[in-house]
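Going by numbering that gives the first Met the number 0, the residue at position 141 of the sequence shown is 140; the numbering climbs one at a time, nothing skipped. Beta carbons are placed, not taken as given, at the ideal position from N, Cα and C, and that holds for glycine. Everything below concerns the one structure shown next.
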Amino acid sequence: MREKKEIRWEKLDNTANLFPVIAREGMSNVYRVAVTLHEEIDPLLLQDAVERVLPFFDVFNMKLKRGLFWYYFETNDKPAPKVHEENAYPCLYINPYTNHDYQFRVTYYKRRINLEVFHALTDGNGALLFLKEVAYCYLRLKHKELADSQPAGLSVNTSLDSEDSYLKNYKKKAKKGYKTEKALIVKGEKFYRTQYGVVQAYISLPDIKRVAKHYGVTINQYLVGVFTYAIYKAYLKEKPCDQPISTCVPVNLRPYFDSETTKNFFAVVSAVFKPTEEHYEFEDVLNIIAESLRFQISKDNLERLFSYNVSNQTNFMLRAFPLFLKNLGMKLVYNSSARANTSTVTNLGVIAVDEAYRPYIESFYALLSMSKGQNIKGAVCSYGDTLVFSLSAAIRETDIQKAFVRQMTGDGIHVEIETNGVYDE
């Protein structure tokens, strides 16, 4: 007989409060992190691994509830969601009623394990912790030599901290830290609302390190610069525009505030390029983007950005408003801020794997779903000598993706491409 879980409840973190308000089909606020092994996935063992790992992670072991004043999480007493072979487009809306009330799903395809997460639960860094533990457990179940040599349970490198690091670190009376100038929207022939195209660029990490160093920028600055230039070159056709190309760049706050939380803990800065002149070379755009990011990514500025939002959440008068009024307010704020961004590029950084499991793991990747006004997005992660830049798009045209790859190969970077096949339909 399955042991009954102790029921408890938790508030949503500051970032998470928005996602239940705006989530729907076509704008699911679900993202994916995935790991590819060197062998075909056994679905029965994967289900076993999910069921063994889930009880350790309070953040994932929750169902979303609607209260009078706020949404909240409550311990989910149902069995783990069923693992199944991938049979639909990635990052679709997660219907809790068909998923045992859980806000995540695990699927597989050939050698790949996919974890898709509703953003209210956690950010990409929290999701990677869970995915790695599922993969470790699966590999121990699959391979006797690992089961004999590696201890059962979680890796010593895995945090189970579930503090709300926003509340712990915010400063009261912070000023508004973001602007709402209307940005360029990339338009084109739309896929059906639950479809989108995926182009994955597998990039040589040594090559991109060398090129970024040559330009005097970080890898992330280089990638956002190439992405921005691709929009300028392929979409704007190198013509001036009154609206800026503005790219959201989420920043992991954990290293800045000594946090190991498995909940959301990130802030968003914007890399902005406004093409007011007749012509820009790639290096011109790259320098503008690099300086834009360099200026914004500091502890003081990041603290100011998230503190303003937390201050509103903790305001006594705002807290007293019923949920339906808060939802109206959050939708208005979201719709206003959404106009200020052309796209998003998120970088989960270098993924570290415990040494014993490295021979069994080939690669990782991340993928973002669409959001209001953003018809193309990028997600980045690195493992071993490969950096994967995943471009997801709600439009059929691929000029931007081609320009993105063309700029990197022109810089002498080795790139290999995969797609999800939707562009061939």
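Pop quiz: residue i and residue j are said to be a contact at Cβ under 8 angstroms. What is the actual Cβ separation, rounded to whole angstroms?
i	j	result
V29	Y92	7 angstroms
T341	T246	6 angstroms
G411	D206	7 angstroms
V271	P243	5 angstroms
L159	F56	7 angstroms
A134	I360	7 angstroms
V185	I230	6 angstroms
N73	K64	For the record, residue 73 in the displayed sequence is Glu; it is not Asn. Between K64 and E73 the Cβ distance is about 5 angstroms, and since that is below 8 angstroms, they are a contact.
Which first and last residues belong to the alpha helix (DSSP H) in which residue i is found?
i	result
R222	According to the sequence provided, residue 222 is Leu. The question's Arg does not apply to it. I218 to A229 is the extent of the alpha helix (DSSP H) around L222.
N286	F281 to Q295
L45	P42 to V52
A402	D398 to G409
R253	R253 to F256
I93	Element bounds for I93: n/a, residue is neither H nor E.
E20	Looking at the sequence provided, one finds Val at residue 20 rather than Glu. F18 to I21 is the extent of the alpha helix (DSSP H) around V20.
For residue i, which of helix, strand or coil comes out of DSSP?
i	result
I360	strand
R192	coil
S164	helix
K141	helix
K10	strand
Y70	strand
T246	strand
K109	coil
K232	helix
V133	helix
T261	coil
A266	strand
M329	helix
F315	Because the pLDDT of F315 is 46, which lies under 50, any placement of that residue in the model is unreliable, and the number read from its coordinates should be weighed accordingly. Helix at F315.
H213	helix
L114	strand
R303	helix
L127	helix
E84	strand
L324	helix
N309	It is Val, not Asn, that sits at residue 309 in the sequence shown. Helix at V309.
S368	coil
V271	strand
F56	coil
What residue range does the beta strand (DSSP E) around residue i cover?
i	result
A200	G196 to S203
L386	T385 to A392
I375	I375 to Y382
G348	S342 to V349
V29	V29 to L36
V414	V414 to T418
R65	M61 to R65
If the criterion is Cβ atoms closer than 8 angstroms, does the pair residue i and residue j meet it?
i	j	result
F117	F103	yes
T345	A378	yes
D163	K62	no
I202	T385	yes
Y232	A22	Here residue 232 is Lys; the residue named in the question, Tyr, does not match the sequence. Not closer than 8 angstroms, so no.
Y195	Y71	no
F68	P321	yes
D41	K131	no
F264	V32	no
G187	L285	no
S381	I350	yes
V105	N94	no
V309	L120	no
Y255	K212	no
K371	A339	no
S161	V58	yes
R405	Y422	no
V352	L292	no
G25	R192	yes
E280	P239	no
L301	V250	yes
Nearer than 7 angstroms: is that true of the beta carbon of residue i relative to any heavy atom of the ligand NAD?
i	result
I399	Judged by which ligands are present, the structure shown has none, so any question about the ligand NAD falls away.
Can you find a C-beta in chain B that's less than 8 angstroms from the C-beta of residue i?
i	result
A22	No chain B is part of this structure, which consists of one protein chain only.
Can at least three beta-carbon pairs, one atom from the region 348–367 and one from the region 144–156, be found at a separation below 8 angstroms?
yes
Tell me, please, whether the region 212–225 touches the region 41–51 by the rule of three or more beta-carbon pairs shorter than 8 angstroms.
no
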